[in-house]
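Asks: Heads up: the protein sequence lines correspond to chains A and B, in order.
Sequential numbering of the first sequence, starting at 1, is according to the numbering used here.
Sequential numbering of the second sequence, starting at 1, is according to the numbering used here.
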Amino acid sequence: MDNVENIVLNVSAVQKTFGGLQALSNINLQIEEGKTHAIIGPNGAGKSTLLNVCVGLLAPDSGAVKFGEETLTGKTPYEINQLGVVRVFQTPEIFPELTLLQNVIIPALAKRDGEFKFNAFGSLVGEKELVDEAKDVLEDLGLENQMHDISASMSRGDKRRLELAMCLIQHPKLLLLDEPTAGMARHDTNRTIEILKRIKSRGMTKVIIEHDMHVVFSLADHISVLAQGAIIADGTPDEVRGNPKVQEAYLGGAHL
Amino acid sequence: MSQQSPKQDLMWMAVFTAVVLSMPIWMEPFGAAYPDLLQKFAIFGIFAIGFNILFGLTGYLSFGHAAFLGVGSYTAVWSFKLLTMNVIPAILFSTILAGIFAVLIGFVCLRRSGIYFSILTLAFAQMSYNLAYSVLTPITKGETSLQLELNDPRILDAAAVAGAGLPSTELFGMKLSGYPGFYFCAVLLIIGFYISLRIFRSPFGLKLAAIKSNQKRMSYTGFNTRPYLLSAFVISGMYAGLAGALMAVTDPLAGAERMQWTASGEVVLMTILGGVGTLIGPLLGAGLIKYFENIFSSYNEKVLHDIFSFLPDMLENVMVFIVNPFVGDGWHLTLGALFMVVVIFLPGGIMEGYARIVAWVKKDRSQPGGDDPHVAKPQPNEG
Numbered sequence: 001m002d003n004v005e006n007i008v009l010n011v012s013a014v015q016k017t018f019g020g021l022q023a024l025s026n027i028n029l030q031i032e033e034g035k036t037h038a039i040i041g042p043n044g045a046g047k048s049t050l051l052n053v054c055v056g057l058l059a060p061d062s063g064a065v066k067f068g069e070e071t072l073t074g075k076t077p078y079e080i081n082q083l084g085v086v087r088v089f090q091t092p093e094i095f096p097e098l099t100l101l102q103n104v105i106i107p108a109l110a111k112r113d114g115e116f117k118f119n120a121f122g123s124l125v126g127e128k129e130l131v132d133e134a135k136d137v138l139e140d141l142g143l144e145n146q147m148h149d150i151s152a153s154m155s156r157g158d159k160r161r162l163e164l165a166m167c168l169i170q171h172p173k174l175l176l177l178d179e180p181t182a183g184m185a186r187h188d189t190n191r192t193i194e195i196l197k198r199i200k201s202r203g204m205t206k207v208i209i210e211h212d213m214h215v216v217f218s219l220a221d222h223i224s225v226l227a228q229g230a231i232i233a234d235g236t237p238d239e240v241r242g243n244p245k246v247q248e249a250y251l252g253g254a255h256l
Numbered sequence: 001m002s003q004q005s006p007k008q009d010l011m012w013m014a015v016f017t018a019v020v021l022s023m024p025i026w027m028e029p030f031g032a033a034y035p036d037l038l039q040k041f042a043i044f045g046i047f048a049i050g051f052n053i054l055f056g057l058t059g060y061l062s063f064g065h066a067a068f069l070g071v072g073s074y075t076a077v078w079s080f081k082l083l084t085m086n087v088i089p090a091i092l093f094s095t096i097l098a099g100i101f102a103v104l105i106g107f108v109c110l111r112r113s114g115i116y117f118s119i120l121t122l123a124f125a126q127m128s129y130n131l132a133y134s135v136l137t138p139i140t141k142g143e144t145s146l147q148l149e150l151n152d153p154r155i156l157d158a159a160a161v162a163g164a165g166l167p168s169t170e171l172f173g174m175k176l177s178g179y180p181g182f183y184f185c186a187v188l189l190i191i192g193f194y195i196s197l198r199i200f201r202s203p204f205g206l207k208l209a210a211i212k213s214n215q216k217r218m219s220y221t222g223f224n225t226r227p228y229l230l231s232a233f234v235i236s237g238m239y240a241g242l243a244g245a246l247m248a249v250t251d252p253l254a255g256a257e258r259m260q261w262t263a264s265g266e267v268v269l270m271t272i273l274g275g276v277g278t279l280i281g282p283l284l285g286a287g288l289i290k291y292f293e294n295i296f297s298s299y300n301e302k303v304l305h306d307i308f309s310f311l312p313d314m315l316e317n318v319m320v321f322i323v324n325p326f327v328g329d330g331w332h333l334t335l336g337a338l339f340m341v342v343v344i345f346l347p348g349g350i351m352e353g354y355a356r357i358v359a360w361v362k363k364d365r366s367q368p369g370g371d372d373p374h375v376a377k378p379q380p381n382e383g
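#1: Does the separation of the CB atoms of Leu69 of chain B and Arg258 of chain B fall below 7 Å?
#2: If you draw a straight line from the C-alpha of Asn214 of chain B to the C-alpha of Leu269 of chain B, how long is it?
#3: Residues in the same chain with beta-carbon distance under 6 Å from Tyr133 of chain B, minus the five sequence neighbours each way, listed in chain order, please.
#4: List, in chain order, every chain A residue whose beta-carbon is nearer than 7 Å to that of Pro347 of chain B.
#5: Per DSSP, what are the beta-bridge partners of Ala38 of chain A in this structure?
#6: How far does the alpha helix (DSSP H) with Phe124 of chain B in it reach, from first residue to last?
#7: Using the beta-carbon of each residue, which ones in chain A are nearer than 8 Å to Arg198 of chain B?
#8: In whole angstroms, what is the alpha-carbon distance linking Thr17 of chain A and Leu138 of chain A?
#9: Can you tell me which of A:Met184, A:Leu109, A:Gly19, A:Leu57 puts its alpha carbon nearest to the alpha carbon of Pro77 of chain A?
#10: Use the C-beta contact count for Phe200 of chain B: other C-beta atoms within 10 angstroms, 16 or more gives buried, fewer gives exposed.
#11: Quick one: Cα of Glu266 of chain B to Cα of Gly99 of chain B, how far?
#12: Under the three-state reduction of DSSP, which class applies to Val375 of chain B: helix, strand or coil?
#13: Considering only their Cβ atoms, is the gap separating Ile31 of chain A from Ile209 of chain A smaller than 7 Å?
#14: Please classify Ile27 of chain A as buried or exposed, where buried requires at least 16 neighbouring CB atoms within 10 angstroms.
#15: Report buried or exposed for Trp360 of chain B, applying the criterion of at least 16 other Cβ atoms within 10 angstroms of its Cβ.
#16: Pro14 of chain A and Pro42 of chain A: beta carbons closer than 7 Å?
#17: Taking a cut of 7 Å between CB atoms, which residues from the stretch 207-239 of chain B lie near chain A?
#18: Does Leu72 of chain A come out as helix, strand or coil in the three-state DSSP assignment?
#19: According to DSSP, Thr99 of chain A sits in a beta bridge with which residue or residues?
#20: Quick one, are the C-beta atoms of Gly59 of chain B and Lys302 of chain B less than 7 Å apart?
#21: Does the beta carbon of Ser22 of chain B sit closer than 7 Å to a beta carbon anywhere in chain A?
#22: Could you tell me whether the Cβ of Glu144 of chain A comes closer than 7 Å to any Cβ of chain B?
#23: Could you round the C-beta distance between Thr36 of chain A and Ala220 of chain A to whole angstroms and report it? I think they count as a contact, below 8 Å.
#24: What's the C-alpha gap between His332 of chain B and Leu338 of chain B?
#25: For chain A, find out if any of its Cβ atoms is closer than 7 Å to the Cβ of Arg401 of chain B; answer yes or no.
#26: Is there a Cβ of chain A sitting closer than 7 Å to that of Phe292 of chain B, yes or no?
#27: Identify the contact partners of Ala64 of chain A in chain B, using a Cβ-Cβ distance below 7 Å as the criterion.
#28: Give the DSSP bridge partners of Asp178 of chain A, in chain order.
#29: On the premise that Ala232 of chain B lies in contact with Leu146 of chain B, defined as a C-beta separation below 8 Å, what is that separation, rounded to the nearest angstrom?
#30: Let me make sure I understand the geometry here. Which of A:Asn10, A:Leu51, A:Ile94 has the alpha-carbon closest to that of Gly68 of chain A?
#31: Under 8 Å by Cβ, that's how I've got Pro96 of chain A and Ser151 of chain A pegged, so tell me the actual separation to the nearest angstrom.
#32: Looking at Ala165 of chain A and Val104 of chain A, is the spacing between their C-beta atoms short of 7 Å?
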């Protein structure tokens, strides 16, 4: 990480305690542009806390998160989104009562209209460009056949892909994925890996939190290992794979 | 929230206009074709349509919308007293003032959601109601209610002829009582419905529906939800103000009881009874409740004896005995029972019942058997 100009997200000296529990202790992390950066670690290591600090859901006790020139700490979730940091949740957060197409149109409107626009007399029928783009993204993720269905009726794997579509239509500068394949069947997981690889070829920067080592080693350019709120190892997949500290703390050697 | 083509929408508007304007004709067999009741249909229709923009689209249940109704009525009567008997300034001022009130109340109440929002709005409305009876009596005239007087200034109108009675509301010389009053309200209802239709179909409306569906996702999608909610709140408050003004137009007096919580509750019942979040449902709910209130409450034992006179005496007396508690002063019992039946069996209101019948007829025609009728299949729609 020598080239500072390529750093998209810079987490510096972040601390967070819940009651007496040290959830994050002195976390330093640099995410390089265009790279897929995986954060792994056992349950309770602080992965989700770290992600929540990055998107403004949690305020750190000390330290700062900078996105380019902007400080993310203290900003609201919608301000962070408008800067181009978009998040996929561990349990899919979609609009269950709306159709898939509407689900994807809404984030496209957010990208175009900003955080508030009173377009009460416009017509969605007139927004052909927007609707076409939404259809393209759904097609890209293989959801085009269901686009007029109500999204609540989809399978869990499809909901996750829908959420991914909702994030991708915003062309984020940084995409944060919280266990994008948790609870998925193997073939669904492989499909998601394939999709994420395709996005990578478009140069989108991604941070992935993941349990599944198959996913991590298929996608990541760089891995940070978190254990008990601290980063215990940091490097390329090969470096991390060979690190005895990591094997002891998390992998147990068996998964590799 | 189905997207229909603008052409279909225009057709629906045409049908809607025809149905509303011909109400004096087709309401005749129901015994409801008299101006007083028809005006109420239109006025409460406007109130319910506006309420539905807030409750139906965003899911925020306000229990204080009667406050805006009251503000609208008082403003309209003051406009009649001070400026002119012409109704145009009255409804403009009422709508705008109700909107300003809604900005203030909404700004505070929308800091909370769910039940806390409902309680806050209820508290504000009850506060307005009590203020109207106490410290604000110079403006509201308290218990005597605000009325027209012979010595009102009415600075824009020609001086009244000595000895003439109280003037009536008018639209450029046309007196707005009876049927003209109904048609005036009906035209505003049609305009109000059209605006609501446009909002439902707009990107703004879609965003409101998305807030109802998942507010967390909305803020992570980059939307500041507060101004959206406030806009919806203010729009629905303005509809309520307009409805209040029209009450004063058709009967120029304003009392504090218009702001009471029962009036707020009534519009909630109307919306739920008709179908929350549907375009036409709240109107049906408003019509049904006003019909019950006016028709069922006018029944008494003698009328019931006439209705059941075809039965043998013994049975007639039994029927009258059974039905009597549900009519006259007991019409609330009928309404309550109906409301319970709808909420338990048709949570989506009358419109859900209609959708189920349509689905059932369609399925019956295409494929016997098939899937569960309780799962309403959304219609394929074109974006």
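The C-beta atom is built at its ideal place from N, Cα and C for all residues, glycine as well.
Everything numeric in this text was worked out from a predicted model, so none of it was measured.
Replies: Checking against the coordinates, here is how it stands:
#1: The residue you call residue 69 of chain B lines up with position 69 of the second sequence. The residue you call residue 258 of chain B lines up with position 258 of the second sequence. It is a contact, given that the beta carbons lie within the stated cut-off.
#2: By 1-based counting over the second sequence, the position of residue 214 of chain B is 214. By 1-based counting over the second sequence, the position of residue 269 of chain B is 269. About 25 Å.
#3: Looking up residue 133 of chain B in the second sequence gives position 133. Taken in chain order, the residues that qualify are Gly142, Ala256.
#4: By one-based count along the second sequence, residue 347 of chain B stands at place 347. Within chain A, no residue has its beta carbon less than 7 Å from that of Pro347 of chain B; the closest one is some 14 Å off.
#5: Here residue 38 of chain A refers to the residue found at position 38 when the first sequence is read from its first residue. Answer by DSSP bridge pairing, in chain order: A:Ile208, A:Ile223.
#6: For the purposes of this step, residue 124 of chain B is taken as the residue at position 124 of the second sequence. That run of the alpha helix (DSSP H) goes 114-133.
#7: What you label residue 198 of chain B is simply residue 198 of the second sequence in a count that begins at 1. Chain-ordered, the chain A residues with CB closer than 8 Å to the CB of Arg198 of chain B read Ala120, Phe121, Ser123.
#8: Within the first sequence, residue 17 of chain A is the residue found at index 17, counting from 1. Within the first sequence, residue 138 of chain A is the residue found at index 138, counting from 1. When rounded, the distance between both Cα atoms is 40 Å.
#9: Counting from one through the first sequence, the residue named residue 77 of chain A turns up at place 77. Comparing Cα positions, the closest option is A:Leu57.
#10: To locate residue 200 of chain B, count along the second sequence from 1; it is residue 200. Buried: at least 16 other Cβ atoms inside 10 Å.
#11: One-based indexing of the second sequence puts residue 266 of chain B at position 266. One-based indexing of the second sequence puts residue 99 of chain B at position 99. Taking the straight line from one Cα to the other gives about 21 Å.
#12: Working through the second sequence from its first residue, we reach residue 375 of chain B at position 375. Note on Val375 of chain B: pLDDT 42, under 50, position unreliable in the model; the coordinate value appears next. Coil, per DSSP.
#13: Within the first sequence, numbered from 1, the residue matching residue 209 of chain A stands at position 209. Within the first sequence, numbered from 1, the residue matching residue 31 of chain A stands at position 31. No. Outside cutoff.
#14: As a working mapping, residue 27 of chain A is identified with position 27 in the first sequence. By the 10 Å Cβ count, Ile27 of chain A comes out buried.
#15: Your numbering for residue 360 of chain B matches position 360 in the second sequence. Its Cβ having fewer than 16 others within 10 Å, Trp360 of chain B is exposed.
#16: Translated into positions along the first sequence, residue 14 of chain A becomes position 14. Translated into positions along the first sequence, residue 42 of chain A becomes position 42. The amino acid at residue 14 of chain A is misidentified as Pro; the sequence shows Val. No, they are not a contact pair.
#17: Lys207, Ala209, Ala210, Ser213, Asn214, Lys216, Arg217, Ser219, Tyr220, Thr221, Gly222, Phe223, Asn224, Pro227, Tyr228, Ser231
#18: Counting from one through the first sequence, the residue named residue 72 of chain A turns up at place 72. Looking at Leu72 of chain A - three-state DSSP - the assignment turns out to be coil, as it is neither helix nor strand.
#19: What you label residue 99 of chain A is simply residue 99 of the first sequence in a count that begins at 1. Looking at the DSSP assignment, Thr99 of chain A forms a beta bridge with A:Ile150.
#20: As a first step, residue 59 of chain B must be located in the second sequence, where it is residue number 59. As a first step, residue 302 of chain B must be located in the second sequence, where it is residue number 302. Result no, Cβ atoms of Gly59 of chain B and Lys302 of chain B do not sit closer than 7 Å.
#21: On the second sequence, residue 22 of chain B is found 22 positions in, with the first residue counted as 1. For Ser22 of chain B, the answer is no, since every Cβ of chain A falls outside 7 Å of its Cβ.
#22: As a working note, residue 144 of chain A is residue 144 in the first sequence. No, Glu144 of chain A lies away from the interface with chain B (no Cβ there is under 7 Å from its Cβ).
#23: Here residue 36 of chain A refers to the residue found at position 36 when the first sequence is read from its first residue. Here residue 220 of chain A refers to the residue found at position 220 when the first sequence is read from its first residue. Yes, Thr36 of chain A and Ala220 of chain A are in contact; Cβ-Cβ is about 5 Å, under 8 Å.
#24: Mapped onto the second sequence, residue 332 of chain B falls at position 332. Mapped onto the second sequence, residue 338 of chain B falls at position 338. Across the structure, His332 of chain B and Leu338 of chain B are spaced so that their CA atoms are roughly 10 Å apart.
#25: No answer is possible for residue 401 of chain B: it lies beyond the span of chain B, which begins at 1 and ends at 383.
#26: Within the second sequence, the letter at position 292 stands for residue 292 of chain B. So, not an interface residue.
#27: Numbered from its first residue, the first sequence carries residue 64 of chain A at position 64. Those within 7 Å of Ala64 of chain A in chain B number zero; the least Cβ separation is about 21 Å.
#28: Position 178 of the first sequence, counted from the start, is the residue given in the question as residue 178 of chain A. Note: Asp178 of chain A sits in a beta bridge opposite A:Ile209.
#29: One-based indexing of the second sequence puts residue 146 of chain B at position 146. One-based indexing of the second sequence puts residue 232 of chain B at position 232. No, Leu146 of chain B and Ala232 of chain B are not in contact; Cβ-Cβ is about 30 Å, not under 8 Å.
#30: For the purposes of this step, residue 68 of chain A is identified with residue 68 of the first sequence, where counting begins at 1. For the residues A:Asn10, A:Leu51, A:Ile94, the minimum Cα distance to Gly68 of chain A belongs to A:Asn10.
#31: To locate residue 96 of chain A, count along the first sequence from 1; it is residue 96. To locate residue 151 of chain A, count along the first sequence from 1; it is residue 151. At roughly 6 Å, the Cβ-Cβ gap stays under 8 Å, so Pro96 of chain A and Ser151 of chain A are in contact.
#32: Taking the first residue of the first sequence as 1, we reach residue 104 of chain A at position 104. Taking the first residue of the first sequence as 1, we reach residue 165 of chain A at position 165. Result yes, Cβ atoms of Val104 of chain A and Ala165 of chain A sit closer than 7 Å.
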